[in-house]
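Shown next, in structure tokens, is the structure this report addresses.
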Amino acid sequence: MAKMYYNGDANPHYLQGKKVAVIGYGSQGHAHSQNLRDSGVEVVIGLRKGRSWDQAVEDGFQVYSVGEATAQADVVMILLPDELQPTVYKNEIEPNLTNQALMFAHGFNIHFNQIKAPKESDVLLVAPKGPGHLVRRVYTEGAGVPALFAVFQDVTGEARDLALSYAHGIGSLRAGALETTFKEETETDLFGEQAVLCGGVSALVKAGFETLTEAGYQPELAYFECLHELKLIVDLMYEGGLEGMRYSISDTAQWGDFVSGPRVVTPAVKAEMKEVLKDIQEGRFAKGWILENQANRPEFTAINENEKQHPIEVVGRELRAMMPFVNQGKKKEVAAVAK
Ligand code: NDP
Ligand code: MG
Ligand code: MG
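Residue numbers (this note's numbering): 1390 to 1728.
Pasting the structure below:
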């Protein structure tokens, strides 16, 4: 088994006396800042004026412009949207770098050459394997979200110590961290979200819903069957793997899982997954996304609007309005980061 790093592997004092500038206060930014602060690390926030700025102030942080936060810090963690990082880096971060360590939560911009690593800085990443709101929620519950860490450039000889201390500070070493490279983190993160976690799952859910409703079954029923119940099944997988999930379901469901699962995810689907992976590895996905942003996101916006009108979304909005308990936790967190 690969070496996993836990709390005992980090020097918890490493970040003492050092100042961390967290740039951005969104999904990951608010979670990293608050977890680090609760772990005793000095944190300042770098932002532009706006909603996140007001929220960070309300949460008791010292908030500065990106340039001012960068200039006064020892460690700069960039938690801006990936597509905006190159411009903000060039205009506001790079001019204020002396030898601060530069950190990321995703390797996209370094790996795909959108940000050129500064010669004098350690460059590393700590990437929690979970949404930011859970990085915060799970920390407050005394647990942690697992993370990957990687060193791209080690000028001081201390980049690994910093990565582990940072992972410790955000609570990830409670769950375990795995060492990787920028290349491996970037490619696997993009593949996971495209083929399985986000793209694969939403396509599977929609296809199941459409199959039932096109056969004349009630949309409300199809929503419960193909979307709502997914969470309950995934929770079982989270706790006990596929085996744990199969222990809880009926033998009839398990037999259906064995005989019909491979009819849905066929060898052709897996072959297509390999094509998706190749597009990522060979830079085609990154190029398309970078150009889409340069063109002001015409395709992203059009698809996003169409998706909101899909019948599963229409019926889902109505049903969730009747189940206020479903997203109460999320609403509180969303209000907390004002997004
Ligand atoms: P969000 O979109 O949630 O947050 C972005 C933040 O950046 C907001 O606070 C926003 O403030 C601020 N911002 C945007 N533009 C500027 C600007 N020009 N100047 C200053 N501040 C700005 O980002 P995420 O947390 O989703 O992503 C951050 C990084 O974390 C990415 O590299 C991503 O790949 C990585 N990551 C994200 C995960 C997630 O759970 N979302 C999971 C693992 C990694 P404002 O309110 O002003 O817009
Ligand atoms: Mg991810
Ligand atoms: Mg990602």
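In this text, a Cβ means the ideal position worked out from N, Cα and C, and glycines have one as well.
Report yes if the C-beta distance between residue i and residue j is below 8 Å; otherwise report no.
i     : j     : result
A1516 : A1536 : yes
D1578 : L1551 : no
F1571 : I1504 : no
A1675 : F1450 : no
L1473 : M1492 : no
P1700 : T1602 : yes
M1390 : G1565 : no
A1584 : V1665 : yes
Q1670 : E1576 : yes
Q1417 : A1494 : yes
G1633 : L1625 : yes
Can you give the beta carbon distance from residue i to residue j, rounded, assuming they're within the 8 Å contact cut?
i     : j     : result
Y1528 : N1424 : 5 Å
L1412 : L1469 : The question names Leu, but residue 1412 in the sequence shown is Ile. Indeed, because the Cβ distance is near 6 Å, the residues count as touching under 8 Å.
V1540 : A1462 : With 8 Å as the limit, V1540 and A1462 do not qualify as a contact, their Cβ atoms being about 19 Å apart.
A1738 : S1554 : Since the displayed the chain opens at 1390 and closes at 1728, residue 1738 lies outside it and no answer follows.
E1509 : V1544 : 6 Å
V1455 : G1435 : 4 Å
A1445 : Y1414 : 4 Å
V1594 : L1619 : 7 Å
V1433 : Y1453 : 6 Å
G1645 : Y1636 : That belief does not hold up - the Cβ atoms of G1645 and Y1636 are roughly 16 Å apart, past 8 Å.
P1507 : E1483 : 7 Å
R1706 : V1715 : Actually they are not in contact, since the Cβ atoms of R1706 and V1715 sit about 12 Å apart, beyond 8 Å.
V1534 : G1519 : 4 Å
Return helix, strand or coil for residue i, following the three-state DSSP convention.
i     : result
F1674 : helix
F1493 : strand
G1729 : The chain is shown only over 1390 to 1728; residue 1729 falls outside these bounds and no answer can be derived.
G1533 : coil
Y1394 : strand
P1517 : strand
K1667 : helix
Q1542 : strand
V1715 : coil
R1709 : helix
K1508 : coil
V1430 : coil
A1410 : strand
G1415 : coil
G1465 : Reading the sequence as shown, one finds Val at residue 1465 and not Gly. Of the three classes helix, strand and coil, the one that applies to V1465 here is strand, per DSSP.
E1547 : coil
E1472 : coil
A1566 : strand
G1560 : coil
G1605 : coil
G1439 : coil
T1641 : helix
A1584 : helix
A1399 : coil
A1684 : coil
N1488 : coil
T1655 : coil
N1693 : helix
H1500 : helix
L1454 : The amino acid occupying residue 1454 in the given sequence is Ser; Leu does not appear at that position. DSSP places S1454 in coil when its eight states are reduced to three.
On the criterion of 16 or more Cβ atoms from any shown chain inside 10 Å, does residue i qualify as buried, or is it exposed?
i     : result
Q1698 : exposed
G1439 : exposed
T1690 : exposed
W1442 : buried
V1703 : exposed
G1521 : buried
S1649 : exposed
T1569 : buried
P1475 : buried
A1556 : buried
A1684 : exposed
V1477 : buried
G1531 : exposed
Within 7 Å: the Cβ of residue i and any heavy atom of ligand 5?
i     : result
D1471 : You won't find ligand 5 in this model; what it holds is ligand 1, ligand 2 and ligand 3.
* Asked: Taking three-plus beta-carbon pairs below 8 Å as touching, is the region 1517-1526 in contact with the region 1597-1616?
  -> Contact between the region 1517-1526 and the region 1597-1616 is absent: fewer than 3 CB-CB pairs across the two stretches fall below 8 Å.
* **Sufficient close CB pairs (3 or more, under 8 Å) joining the region 1427-1442 to the region 1556-1570** => Yes: at least three Cβ pairs fall under 8 Å.
* **Three CB pairs or more closer than 8 Å across the region 1636-1645 and the region 1612-1619** => With the cut-off at 8 Å, the region 1636-1645 and the region 1612-1619 do not touch.
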